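Q:
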Amino acid sequence: MAKRDYYEVLGVDKDASQDEIKKAYRKLAKKYHPDVNKDDPESAEERFKELSEAYEVLMDDDKRARYDRFGHEGIRSDFGAGGFSWNDFTHAGDVSDIFGFDFINTIFGGGGGDIFDVFFGGRGGRMRHGPRAGNDIRLQVNVDLEDVITGKEVEVDIPRSETCDLCRGSGAKEGTAPQTCASCGGQGQVQQSQQFGNRRLVTVNTCPQCRGRGTVVDEPCEKCRGLGHVKVRRKLLIQVPPGAETGTRVRYGGQGEGGEMGGPPGDLYAIINVRPHPGFEREGPDLLLEVPITFAQAALGDKIEISTLTGKASLTIPPATQTHKVFRLRGQGLPHLRGAGRGDQYVRVIVETPRHLSGEQKDLLRRMMELDKASGEDGSGKKGSGIFNRRKGGK
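For the sequence shown, the numbering used here assigns the number 1 to the initial residue and increments by one for each residue that follows.
What follows is the structure, given as structure tokens:
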């Protein structure tokens, strides 16, 4: 099932302030919290988790900017291969500010407890300390408009981390193994509690000793120094597809950051950026080119040569062509990104008024103006049909 838009989930506009987002989250979280929806707790929990995921992204300026630009793909690496989990929720410390203590007391039923039971429902609150997939890499690839006619291969140099081949990601020296962390008992997290009257607020933090892994290394690997991964640079050929647009994503499975503790690597997403063209405007597979023509060409008609992305083409200008008239060249646009065929090229002609006239040219234009007045004005002030008439709707 496709993810819903985060702004839609919270019911806010795309330019909503953090205060507006916080108010929307507080209202909906109270409505959909599983502990106050006893009839259908599983459905409520999914809705509550969806709200919290949207809140996590939109309250973070960096995540929100990436989401606004690239959608859900832009923040996928923040949540790991399994998607958003409660371990990704960084606003639990603000829970008293969001909900207020009266609401917490209502959920706890006056009987003390762990605030994370509210968020995690007693399930899924453990840190992930088994094999974990590596983070995805997102890389912008800049190309010119001409490059997307037939597609192009672009070689990129990618800095990334890879699983250490000596310790196979464990971080431990060859012949040794990681040991269970004594500080957290292998849970990867530690609790701190504060008492508020007869209520206890418990916060859960990543264990500083093992950094959430649940294990510690007494004798670190000599190659990776206990990290389980090493930094490398790899060259990769990115295939820009024909018809690619700015924002088009090309996925390369397993080319992202190395996994942890034997987990698989993440993916690499090449985000295509098509540079603006000095002459052509683009709308999907269609192109628009503005071409200047002279007054004489517009009035009498002419055959002109115009540019396309693949060369030159001939365009017939019929007599009495008006400025901003648009002509269509079928099949002269860009390939359809999904599907066969190509778009069209549109040519908008701009009739230019001459800036410098010779004496002979001025005499000819004065003669034309006299003819225009003679044939188009009867002294009543009514609109004429002369060639110099510029009123709205004039021919």
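Idealized CB from N, CA, C, for every residue including glycine.
Quantities reported herein were computed from a predicted structural model and do not represent experimental measurements.
Can you grab the Cα-Cα spacing for the pair PHE295 / LEU287, in whole Å?
A: Using only the alpha carbons, I get a separation of about 25 Å.
Q: Are the beta-carbon atoms of LEU10 and TYR32 separated by less than 9 Å?
A: In this structure, TYR32 does not lie closer than 9 Å to LEU10 by Cβ.
Q: Considering LYS63, what are the terminal residues of the alpha helix (DSSP H) in which it resides?
A: Per DSSP, LYS63 belongs to the alpha helix (DSSP H) from 61-70.
Q: Given GLU20, which residues of its chain have a CB within under 7 Å of its CB, disregarding the five upstream and five downstream residues?
A: Cβ within range, chain order: VAL12.
Q: Decide if THR310 is buried, meaning its Cβ has at least 16 other Cβ atoms within 10 Å, or exposed.
A: That one is exposed.
Q: Whole angstroms is fine: what's the gap from GLU153's alpha carbon to HIS277's?
A: C-alpha separation (whole angstroms): 20 Å.
Q: Is there contact between the stretch 153-163 and the stretch 253-264, where contact requires at least three CB pairs shorter than 8 Å?
A: As far as the Cβ criterion goes, the stretch 153-163 touches the stretch 253-264, which means the pair count is three or higher.
Q: Got a sec, what are the start and stop residues for the alpha helix (DSSP H) LEU315 sits in?
A: LEU315 -> not in any alpha helix (DSSP H); beta strand (DSSP E) instead, spanning 311-317.
Q: Report the residue from PRO264, HIS72 and SER43 whose alpha carbon sits nearest the alpha carbon of GLU56.
A: Considering only alpha carbons, the answer is HIS72.
Q: Thinking C-beta only, is LEU236 closer than 9 Å to TYR252?
A: Yes; because the gap between Cβ atoms is below 9 Å, this pair is in contact.
Q: Can you find the residues in the same chain that come closer than 6 Å, C-beta to C-beta, to VAL217, ignoring five residues on each side of it along the sequence?
A: Around VAL217: GLY171, ALA172, PRO178 and GLY226.
Q: Output the distance between the C-alpha atoms of THR106 and GLY266, rounded to the nearest integer angstrom.
A: The pLDDT assigned to THR106 is 39, lower than 50, so where the model puts this residue is not dependable; a value taken from the coordinates is nonetheless given after this. Going by the C-alpha atoms only, they are around 42 Å apart.
Q: For LEU28, which of helix, strand or coil comes out of DSSP?
A: Of the three classes helix, strand and coil, the one that applies to LEU28 here is helix, per DSSP.
Q: My assumption, with CB atoms under 8 Å, is that ASP136 sits in contact with ARG233. Please give the rounded CB distance.
A: Incorrect: roughly 18 Å between the Cβ atoms, too far for contact.
Q: Do the CB positions of ARG213 and GLY188 come within less than 9 Å of each other?
A: Yes, the pair counts as a contact, with Cβ atoms nearer than the cut-off.
Q: Tell me where the alpha helix (DSSP H) around VAL9 begins and ends.
A: Its alpha helix (DSSP H) spans residues 6-10.
Q: Please give me, in chain order, every unbroken run of the alpha helix (DSSP H) with length at least 4 that falls completely inside the stretch 149-219.
A: Complete alpha helix (DSSP H) runs here, min 4: none at all.
Q: Any idea what DSSP makes of GLY121, helix, strand or coil?
A: Any answer about GLY121 is weak, because its pLDDT of 42 lies below 50 and its placement is not dependable; what the coordinates show is given next. It is coil, neither helix nor strand.
Q: Look at the Cβ atom of VAL143, then the Cβ atom of VAL274, and state whether they are nearer than 9 Å.
A: In this structure, VAL274 lies closer than 9 Å to VAL143 by Cβ.
Q: According to the neighbour-count rule (16 or more other Cβ atoms, all chains shown, within 10 Å of its Cβ), is LEU357 buried or exposed?
A: The residue is exposed, with fewer than 16 neighbouring Cβ atoms inside 10 Å.
Q: Mind pulling the beta strand (DSSP E) runs of 3 or more residues that sit fully within the stretch 262-336?
A: Segments of the beta strand (DSSP E) lying fully in the stretch 262-336: 268-274, 280-283, 286-294, 302-308, 311-317 and 326-329.
Q: Checking 9 Å against the spacing of the C-beta atoms, do TYR269 and ARG138 come in under that value?
A: A contact, by the Cβ cut-off of 9 Å.
Q: Note the first and the last residue of the continuous beta strand (DSSP E) segment covering ASN142.
A: Its beta strand (DSSP E) spans residues 137-143.
Q: Between THR323 and ILE350, how many whole angstroms is the CB-CB distance? I'm expecting something under 8 Å.
A: 6 Å between Cβ atoms; contact.
Q: For GLU45, which three-state DSSP category applies?
A: Of the three classes helix, strand and coil, the one that applies to GLU45 here is helix, per DSSP.
Q: Secondary structure at LEU58, three-state DSSP: helix, strand or coil?
A: Helix.
Q: When we look at the beta-carbon of ARG123 and count the other beta-carbons within 10 Å, is it buried (16 or more) or exposed?
A: With a pLDDT of only 41 at ARG123, under 50, the local geometry of the prediction cannot be trusted, and the value read off the model is given with reservation. When all chains shown are included, ARG123 counts as exposed.
Q: By Cβ distance below 6 Å, which residues in the same chain neighbour VAL141 in space, the five residues on each side in sequence not counted?
A: The answer, listed in chain order, is VAL154, ILE238, ALA270 and ILE272.
Q: Once you ignore the five residues that flank CYS224 on each side, which residues in its own chain have a CB closer than 6 Å to its CB?
A: The answer, listed in chain order, is CYS164 and VAL230.
Q: Can you tell me whether DSSP reads ARG249 as helix, strand or coil?
A: ARG249 falls in the strand class under three-state DSSP.
Q: Give every residue of the same chain whose Cβ lies closer than 6 Å to the Cβ of ASP40, excluding the five residues on either side of it in the sequence, and list them in chain order.
A: Excluding positions up to five away in sequence, the list is empty.
Q: By the 10 Å Cβ neighbour count, where 16 or more other Cβ atoms means buried, how is LYS3 classified, buried or exposed?
A: So LYS3 counts as exposed.
Q: Can you tell which of LYS312, PRO318 and ASP61 has the C-alpha that lies nearest to the C-alpha of GLN18?
A: Nearest of LYS312, PRO318 and ASP61 to GLN18, Cα basis: ASP61.
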